[in-house]
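Chemist: Numbering (this note's numbering), first residue to last: 91 to 601.
Glycine residues also receive a C-beta, built at the ideal position from the N, C-alpha and C atoms.
Here it is, the structure, as structure tokens.
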Amino acid sequence: MALVKRCRPTRAGGLPALLVGALAVATTLTGGPAHAAGQGTLHELAAAQGRYFGSATDNPELPDAAYAATLGSEFGQITPGNSMKWDTTEPVRGQFDFTKGDVVTDFARQHGQTVRGHTLVWHNQLPGWVGALPSAQVEAAMTHHITEEATHYRGVVSAWDVVNEPFNEDGTFRTSPFYTAMGSDYIATALRAAHAADPDAKLYINDYNVEGRGAKSDALYALVSDLIDKGVPLDGVGMQAHLAVQYGFPYQMQANMQRFADLGLDVAVTELDVRMPLPADAAKTATQTAYYRQVTEACLAVARCVGITVWDYTDTYSWVPGTFPGEGAANLYDENLRPKAAYSAVRTALGGDDGSGEGGDPGALKAQYRSSDASVGDNQIKPGLQLVNTGGTAVSLSDVTVRYWFSSENGASTYSTWCDWTPIGCSNVTHRVAAASTPKAGADHYLEVGFAGGTLAPGATTGEIQLRLNKTDWSNFNESDDYSHGAGTSYADASRIAVYAGGELVWGIEP
Ligand code: 9MR
91 MALVKRCRPT RAGGLPALLV GALAVATTLT GGPAHAAGQG TLHELAAAQG
141 RYFGSATDNP ELPDAAYAAT LGSEFGQITP GNSMKWDTTE PVRGQFDFTK
191 GDVVTDFARQ HGQTVRGHTL VWHNQLPGWV GALPSAQVEA AMTHHITEEA
241 THYRGVVSAW DVVNEPFNED GTFRTSPFYT AMGSDYIATA LRAAHAADPD
291 AKLYINDYNV EGRGAKSDAL YALVSDLIDK GVPLDGVGMQ AHLAVQYGFP
341 YQMQANMQRF ADLGLDVAVT ELDVRMPLPA DAAKTATQTA YYRQVTEACL
391 AVARCVGITV WDYTDTYSWV PGTFPGEGAA NLYDENLRPK AAYSAVRTAL
441 GGDDGSGEGG DPGALKAQYR SSDASVGDNQ IKPGLQLVNT GGTAVSLSDV
491 TVRYWFSSEN GASTYSTWCD WTPIGCSNVT HRVAAASTPK AGADHYLEVG
541 FAGGTLAPGA TTGEIQLRLN KTDWSNFNES DDYSHGAGTS YADASRIAVY
591 AGGELVWGIE P
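Encoded structure:
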């Protein structure tokens with residue numbers, strides 16, 4: 091048996107303390123920080139500065155419970171990465187489909203987030219029928235598209251990227267079916283149509299490589315100045331900010347933002363990420379961290395900079411590797427949803443702590459168990475587990491795992507695992523069965539439980555997590571000799587259940 095490396099003294103948990111704790115963790119998991127013991131989410135920190143902090147997302151990502159938990163808790167604004175684009179919303183002329191965009195706006199409503207609409211008029215992800223139209227029909231098609239989509243999302247989308255990426259790198263207008271048909275007037279026409287459809291939405295022109303001063307941002311500046319002079323409805327400019335460590339930080343970003351603000355426009359950082367040639371190393375990561383911090387500082391220094399949106403928050407769902415082979419690691423969180431140094435840098439730039447949970451003591455966790463299963467010889471194992479924070483500081487749950495060992499007997503070697511109920515929400519709990527690397531009698535497999543995020547306040551408990559597992563062939567177990575099994579039907583400290591924080595054993599005795 092491996093001995094416990096760090097086992098904290100426990101304290102008696104009376105019923106009132108458990109109830110308070112359950113409420114505390116439930117609150118944290120639905121609306122609180124996704125990482126460690128940091129005070130406040132990125133969005134809460136930004137909101138304290140009069141800004142929002144958001145993330146792009148995309149429909150295929152939302153069923154990923156761990157991803158969605160952090161998306162819903164850490165960010166106060168979301169942008170659909172693809173599902174409001176023309177090829178999705180009007181693939182056939184006159185046939186509109188807002189199903190996918192509605193999934194994103196539903197998520198936002200459920201999580202109290204605002205939505206940036208992206209995008210109404212763009213040369214890319216444009217269905218073929220638009221490019222095939224006779225020039226004389228393009229304006230009507232564009233206006234109709236804008237009218238239908240902006241009307242559908244009226245009151246739901248708070249800001250629109252009405253026109254996306256209108257410029258070439260040298261500041262000339264990009265050729266597109268719209269430019270070919272209408273010249274640069276298409277931009278004013280698009281803005282007017284969007285304003286007519288939704289007078290309350292903030293209307294933006296959005297582009298990349300316009301974060302710093304240069305030919306492209308000069309062209310954007312000239313365009314928006316002209317639009318303002320003509321009384322065209324325009325509220326802001328979106329600076330995408332797809333940065334790369336090898337290309338340097340945008341030249342005079344803060345001053346560039348300020349000159350647009352001085353025209354009376356809002357400025358938004360709309361698609362921030364900072365890619366690097368892979369593999370990542372300390373120097374590249376340090377540069378990336380600095381860039382994220384500098385963008386945040388630039389936005390905070392410009393009163394009209396309304397907020398920052400990252401172009402998804404995790405490397406798992408980044409567009410970068412698919413577009414720039416050999417590059418990546420561009421986002422605030424890694425592929426295991428662990429916040430990177432850039433995340434800490436953004437937090438501190440926003441006036442918060444670094445989110446590292448310094449002072450938290452994961453060693454203060456203990457496991458409690460009860461058997462919810464009267465039958466030790468049937469085809470299911472039903473452990474009830476709960477964690478208690480016996481220490482004086484909050485503990486992040488995102489890197490905590492719990493193991494319950496059992497013997498598989500004969501039968502299938504594949505399992506189904508279930509979370510039946512917990513006050514913290516089963517969507518916040520992960521579970522799987524794994525084979526023990528060193529099988530022992532009564533312990534050749536274990537059920538491993540993890541958490542999508544959240545923090546456990548001092549004295550708090552997760553509340554019971556009702557778990558269940560079976561072999562996929564539904565053959566029987568004999569639980570009576572299982573290492574972690576006990577007969578008690580009310581929760582009690584369980585030293586044969588192990589708790590790990592950051593991979594380190596912090597409670598219990600391994601078999
Ligand atoms: O993130 C989007 C990716 O999933 C699409 O494949 C890609 C196709 O054009 O568009 C990506 O989003 C882009 C955004 O709409 C506009 N600015 C650049 C973004 C990254 O390419």
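1. Say yes only if the C-beta of G171 is nearer than 6 Å to one or more non-hydrogen atoms of ligand 1, and no if none qualify.
2. What are the boundary residues of the alpha helix (DSSP H) that includes R282?
3. Considering just the uninterrupted stretch of the beta strand (DSSP E) at Y142, what are its terminal residues?
4. Between S585 and the rest of its own chain, which residues show a CB-CB distance below 6 Å, the 5 nearest in sequence each way excluded?
5. So, with DSSP's three-state summary, where would you put T562?
6. With DSSP run on the structure shown, which of helix, strand or coil describes T480?
7. By DSSP's criteria, C395 is part of a beta bridge. Which residues make up the other side?
8. Give me the DSSP bridge partner(s) of Y536.
9. Less than 7 Å between C-beta atoms, sequence neighbours within five positions excluded: which residues of the same chain meet that for A283?
10. Name the DSSP bridge partner or partners of V220?
11. What I want to know is whether the C-beta of N258 ends up closer than 6 Å to one or more non-hydrogen atoms of ligand 1.
12. Just how far apart, CA to CA, sit N568 and A420?
13. Here's a check: name, in chain order, each residue in its chain whose Cβ is nearer than 6 Å to the Cβ of G532, leaving out the five neighbours to either side.
14. How many angstroms separate the CA atom of P639 from the CA atom of E259?
15. Going along the chain, which residues of its own chain have a beta-carbon closer than 6 Å to the beta-carbon of T117, five neighbours each way excluded?
16. Nearest to L310 by alpha carbon, out of L355, G261, T270, P323?
17. Mapping DSSP to helix, strand and coil, what is A258?
18. Ordered along the chain, which non-local residues of its own chain (more than five positions away) have a Cβ less than 8 Å from that of E180?
19. Would you say the beta carbon of Q215 comes nearer than 6 Å to a heavy atom of ligand 1?
20. Work out the CA separation of C509 and P473 for me, nearest whole Å.
21. Give the straight-line distance between the Cα atoms of K190 and Y407, rounded to the nearest whole angstrom.
22. Rounding to the nearest angstrom, what Cα-Cα distance links A582 and P367 in this structure?
23. Considering only C-alpha positions, which residue in the set Q139, E134, G130 is nearest to T391?
24. Looking at C-alpha atoms only, which residue of S163, I295, S465 is the closest neighbour of R206?
25. Where does A230 fall in DSSP's three states?
26. What does the alpha-carbon distance come out to for the pair S461 and E151?
27. Say the cut is 6 Å; is the CB of W409 nearer than that to a heavy atom of ligand 1?
28. Out of P153, Q215, T562, E554, state which residue places its alpha-carbon closest to the alpha-carbon of A457.
29. Do I587 and ligand 3 come close, with the Cβ less than 6 Å from some heavy atom?
30. Nearest-angstrom Cα distance between D363 and F143?
31. Which residue from A345, G302, L210 puts its Cα closest to that of A280?
32. Got a sec? Which residues, its chain only, sit under 6 Å from G449 by beta carbon, not counting five neighbours each side?
33. So the candidates are N149, N566, A286; which of them puts its Cα closest to the Cα of G467?
34. If contacts are defined as beta-carbon pairs under 8 Å, then V492 and L132 qualify, I think. What distance do you get, rounded to the angstrom?
35. From this set, A278, H575, V247, which residue's C-alpha is nearest P601's C-alpha?
36. For a test of the three-state rule: what should DSSP assign to K306, helix, strand or coil?
Modeler: If we stick to the structure as given:
1. If you number the sequence shown from 1, residue 171 lands on position 81. Within the cutoff, so yes.
2. Against the sequence shown, residue 282 aligns to sequence position 192. 275-287 is the extent of the alpha helix (DSSP H) around R282.
3. The residue labelled residue 142 in the question sits at position 52 within the sequence shown. Start and end: 142-147.
4. By 1-based counting over the sequence shown, the position of residue 585 is 495. Closer than 6 Å at the Cβ level, and outside the excluded window around S585, lie G598, I599.
5. What you label residue 562 is simply residue 472 of the sequence shown in a count that begins at 1. Of the three classes helix, strand and coil, the one that applies to T562 here is coil, per DSSP.
6. Within the sequence shown, numbered from 1, the residue matching residue 480 stands at position 390. If DSSP states are grouped into helix, strand and coil, T480 belongs with coil.
7. In the sequence shown, counting from the first residue as 1, residue 395 sits at position 305. V357.
8. The residue you call residue 536 lines up with position 446 of the sequence shown. DSSP, once it has assigned bridges, lists W495, A524 as partnering Y536.
9. The residue given as residue 283 occupies position 193 in the sequence shown. Around A283: T233, I236, T237.
10. Numbered from 1 along the sequence shown, position 130 holds the residue referred to as residue 220. Bridge partners of V220: none, in fact.
11. Translated into the one-based positions of the sequence shown, residue 258 becomes position 168. Incorrect: N258 has no Cβ contact closer than 6 Å to ligand 1.
12. For this step, residue 568 is matched to residue 478 along the sequence shown. For this step, residue 420 is matched to residue 330 along the sequence shown. Answer to the nearest angstrom: the Cα atoms are 49 Å apart.
13. In the sequence shown, the residue the question calls residue 532 occupies position 442. Only S497, D571, D572, Y573 meet the Cβ criterion.
14. With the chain running from 91 to 601 in the structure shown, residue 639 is simply not present.
15. Here residue 117 refers to the residue found at position 27 of the sequence shown. The predicted model places T117 with a pLDDT of 29, which falls under 50 and marks its position as unreliable; any figure quoted below should be read in that light. Here the set comprises nothing.
16. The residue you call residue 310 lines up with position 220 of the sequence shown. Comparing Cα-Cα distances from L310 to each of L355, G261, T270, P323, the minimum goes to G261.
17. Taking the first residue of the sequence shown as 1, we reach residue 258 at position 168. Checking the sequence shown, residue 258 turns out to be Asn, not Ala. Coil, per DSSP.
18. In the sequence shown, counting from the first residue as 1, residue 180 sits at position 90. Same-chain partners within the cutoff: F186, D187, P217, H235, E238, E239.
19. Taking the first residue of the sequence shown as 1, we reach residue 215 at position 125. Indeed, a heavy atom of ligand 1 lies less than 6 Å from the Cβ.
20. Reading the sequence shown from its first residue, position 383 is the one you call residue 473. Reading the sequence shown from its first residue, position 419 is the one you call residue 509. When rounded, the distance between both Cα atoms is 10 Å.
21. As a working mapping, residue 190 is identified with position 100 in the sequence shown. As a working mapping, residue 407 is identified with position 317 in the sequence shown. Each residue's Cα considered, the two are about 17 Å apart.
22. Locating residue 582 in the sequence shown gives position 492, counting from the first residue. Locating residue 367 in the sequence shown gives position 277, counting from the first residue. If I take the Cα positions, the gap works out to 51 Å.
23. Walking along the sequence shown from the start, residue 391 turns up at place 301. Rather than Thr, the amino acid found at residue 391 in this sequence is Ala. Minimum Cα distance to A391 is reached at Q139.
24. Numbered from its first residue, the sequence shown carries residue 206 at position 116. Of S163, I295, S465, the residue nearest in Cα terms is I295.
25. As a first step, residue 230 is located in the sequence shown; it is residue number 140 there, counting from the start. Of the three classes helix, strand and coil, the one that applies to A230 here is helix, per DSSP.
26. Against the sequence shown, residue 461 aligns to sequence position 371. Against the sequence shown, residue 151 aligns to sequence position 61. Roughly 35 Å between the two C-alpha positions.
27. Numbered from 1 along the sequence shown, position 319 holds the residue referred to as residue 409. Yes, the beta carbon of W409 sits closer than 6 Å to at least one heavy atom of ligand 1.
28. Here residue 457 refers to the residue found at position 367 when the sequence shown is read from its first residue. It is E554 whose Cα lies nearest to the Cα of A457.
29. Summarising the ligand content, the structure contains ligand 1 and does not contain ligand 3.
30. Along the sequence shown, one-based indexing puts residue 363 at 273. Along the sequence shown, one-based indexing puts residue 143 at 53. About 13 Å.
31. Residue 280 sits at position 190 when you count from the first residue of the sequence shown. Comparing Cα positions, the closest option is L210.
32. Reading the sequence shown from its first residue, position 359 is the one you call residue 449. Here the model assigns G449 a pLDDT of 45, short of 50, so the residue's position is not dependable, and the following value carries that caveat. Closer than 6 Å at the Cβ level, and outside the excluded window around G449, lie T483.
33. Here residue 467 is taken as the residue at index 377 of the sequence shown, counted from 1. Comparing Cα-Cα distances from G467 to each of N149, N566, A286, the minimum goes to N566.
34. If you number the sequence shown from 1, residue 492 lands on position 402. If you number the sequence shown from 1, residue 132 lands on position 42. Contact flag wrong, Cβ pair sits at about 28 Å.
35. Locating residue 601 in the sequence shown gives position 511, counting from the first residue. The shortest C-alpha separation from P601 is found at H575.
36. Against the sequence shown, residue 306 aligns to sequence position 216. For K306, the secondary structure class from DSSP, reduced to helix, strand or coil, is helix.
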